[in-house]
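For the working numbering, count along the sequence shown from 1 and bump the result up by 231. We put the beta carbon where it would ideally sit given N, CA and C, even for glycine.
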Amino acid sequence: MDELDRLRSATADLDAPFALVDLDAFEANAADMTRRAGGTPIRVASKSVRCRALLADVLGRDGFRGVLAFTLPEALWLAGQGFRDLVVAYPTVDRRALRALAADPEAAAQITIMVDDVAHLDLVDRVCGDPAGRPEVRVCLDIDASWRPLGGRLRIGARRSPVHAPSEAAALARAIVARPGFRLVGLMAYEAQIAGVGDAGGAGAGARLRSLAIRGMQTGSGRELAGRRRAVVDAVRAVADLEFVNGGGTGSLERTARESAVTEVAAGSGLYGPALFDTYRAFTPRPAALFALPVVRRAGDGSATALGGGYPASGPAGPDRLPSPHLPAGLRLDRLEGAGEAQTPLLGTAAEHLRVGDVVFFRHAKAGELCERFNELHLVRGDRVVDTVPTYRGEGQAFL
Ligand SMILES: Cc1ncc(COP(=O)(O)O)c(C=O)c1O
Numbered sequence: 232m233d234e235l236d237r238l239r240s241a242t243a244d245l246d247a248p249f250a251l252v253d254l255d256a257f258e259a260n261a262a263d264m265t266r267r268a269g270g271t272p273i274r275v276a277s278k279s280v281r282c283r284a285l286l287a288d289v290l291g292r293d294g295f296r297g298v299l300a301f302t303l304p305e306a307l308w309l310a311g312q313g314f315r316d317l318v319v320a321y322p323t324v325d326r327r328a329l330r331a332l333a334a335d336p337e338a339a340a341q342i343t344i345m346v347d348d349v350a351h352l353d354l355v356d357r358v359c360g361d362p363a364g365r366p367e368v369r370v371c372l373d374i375d376a377s378w379r380p381l382g383g384r385l386r387i388g389a390r391r392s393p394v395h396a397p398s399e400a401a402a403l404a405r406a407i408v409a410r411p412g413f414r415l416v417g418l419m420a421y422e423a424q425i426a427g428v429g430d431a432g433g434a435g436a437g438a439r440l441r442s443l444a445i446r447g448m449q450t451g452s453g454r455e456l457a458g459r460r461r462a463v464v465d466a467v468r469a470v471a472d473l474e475f476v477n478g479g480g481t482g483s484l485e486r487t488a489r490e491s492a493v494t495e496v497a498a499g500s501g502l503y504g505p506a507l508f509d510t511y512r513a514f515t516p517r518p519a520a521l522f523a524l525p526v527v528r529r530a531g532d533g534s535a536t537a538l539g540g541g542y543p544a545s546g547p548a549g550p551d552r553l554p555s556p557h558l559p560a561g562l563r564l565d566r567l568e569g570a571g572e573a574q575t576p577l578l579g580t581a582a583e584h585l586r587v588g589d590v591v592f593f594r595h596a597k598a599g600e601l602c603e604r605f606n607e608l609h610l611v612r613g614d615r616v617v618d619t620v621p622t623y624r625g626e627g628q629a630f631l
């Protein structure tokens, strides 16, 4: 049985649109990620999974430890469901959630919030009141991992933390340690320009040149970051006992895990294997998370039209952020219509063979965002649906 027949047979009783996770692919991806991390524990990036059952599944596997959450309300919700060791990856200014954290010693012991500015500490004090009257707030210091070659005239990487140099990190660490009511427990530096940018290129001279430029950039940036990360960790460890130093993402697991200053890596997208992760030389995730749309009509010109499908991914808008038809093979989007809100025309030789009522499987460009479109994930093993689990959205939880 080929892949298309297998998936169609497994989901024959379901009415599309629906989303599924192919467990064999998901498990193979998890195993490959731990292999690439080479023994360094992986903190699972929950924004790239957005399904409580699958997060719990991953955390039950060797090689995964702790959650990299994306908002404080999410971390509080997960803590209430029994998840432990949650680091919120982005600064929070959510007053209600901060008050809830300060009022719940058990949650406060499990959740670490992200800071890169004393303004973050000031806000916690303003919202949560007297530091003596609340549990210690665990904080992680976010370090800028961007590369600033040419004497700092160029900045390559995401605009995140303002804390770049070891001296800046040590100064902020001292400010945190001097403040009652906070405990500095971790450091994080996420190298988006390496972990989130594929280096494999594609067909054509332009794509080959681009991929060569990306490889050069990533080698230079990786070298600079390894040295600076070590210096930052040494400078901050002189001020505070750190429980963890987090770095990396799906695209950089082997490179980041090799750095001795790093105690854990973060990753999530590799589990679902979305289309943007097809462009890395070091690994090839299997497409595990898919969504299915029904063919509802044919326009009479050889195209087939599927219902819905307009689920673009976040980031700089462009064709690579659109979903891609996966199976049957040989389908493509119409450049003029893309993936539409109510309907998505499909072109290509395979479109001519599609009939009304057929199901087409798509991949999302990114990982967890797919779960904001569906209430459930059907878990497929072989040619059977073995379980159906709610997404965050299906549990009424929309965090971002
Ligand atoms: C702080 C941080 N760490 C790690 C990651 C990597 O996540 P993923 O493996 O899903 O690409 C991200 C993704 O944006 C991130 O923001």
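**Message:** Quick check on Cys359: does DSSP put it in helix, strand or coil?
**Reply:** helix
**Request:** Starting from the Cα of Arg369, find the closest Cα among Pro322, His595, Arg391, Asp236 and give me that residue.
**Result:** Pro322
**Prompt:** Contact check, Ser452 vs Glu422 under 8 Å by CB: the rounded distance?
**Reply:** 7 Å
**Message:** For ligand 1, is there any heavy atom lying closer than 8 Å to the beta carbon of Ser500?
**Reply:** yes
**Request:** Check the DSSP bridge columns for Arg369 and list the partner residues they point to.
**Result:** Thr343, Arg414
**Message:** Taking a contact to mean a Cβ-Cβ separation below 9 Å, would you say Gly388 touches Trp378 in this structure?
**Reply:** yes
**Asked** How about Gly297 and Pro272: do their beta carbons lie closer than 9 Å?
**Response** yes
**Prompt:** Between the C-alpha atoms of Tyr511 and Pro411, what's the straight-line distance to the nearest angstrom?
**Reply:** 45 Å
**Prompt:** Less than 8 Å between the CB of Ser279 and some heavy atom of ligand 1, yes or no?
**Reply:** yes
**Request:** Could you pull the start and end residues of the alpha helix (DSSP H) that Pro397 belongs to?
**Result:** 397-408
**Request:** Could you spell out the range, first to last residue, of the alpha helix (DSSP H) harbouring Phe257?
**Result:** 254-268
**Prompt:** Does the beta-carbon distance from Gln449 to Asp430 come in below 9 Å?
**Reply:** yes
**Request:** Could you check the C-alpha separation between Gly383 and Ala462 for me, to the nearest Å?
**Result:** 18 Å
**Message:** Can you check which of these residues, Glu474, Ala420, Leu372, is closest to Asp316 by C-alpha distance?
**Reply:** Glu474
**Message:** Tell me whether Met232, by its Cβ, gets closer than 8 Å to a heavy atom of ligand 1.
**Reply:** no
**Item:** Cβ shell of Pro304 (< 7 Å), same chain only, five flanking positions each side left out
**Value:** Asp325, Ala328, Phe630
**Message:** Count Cβ pairs between the stretch 612-625 and the stretch 548-566 that sit closer than 8 Å; are there 3 or more?
**Reply:** no
**Asked** From this set, Gly427, Ser442, Gly447, Ser483, which residue's C-alpha is nearest Gly433's C-alpha?
**Response** Ser442
**Request:** Alpha carbon to alpha carbon, how far is Gly270 from Asp361? Give it in angstroms, no decimals.
**Result:** 42 Å
**Request:** To the nearest angstrom, report how far apart Phe257 and Asp356 are at their CA atoms.
**Result:** 42 Å
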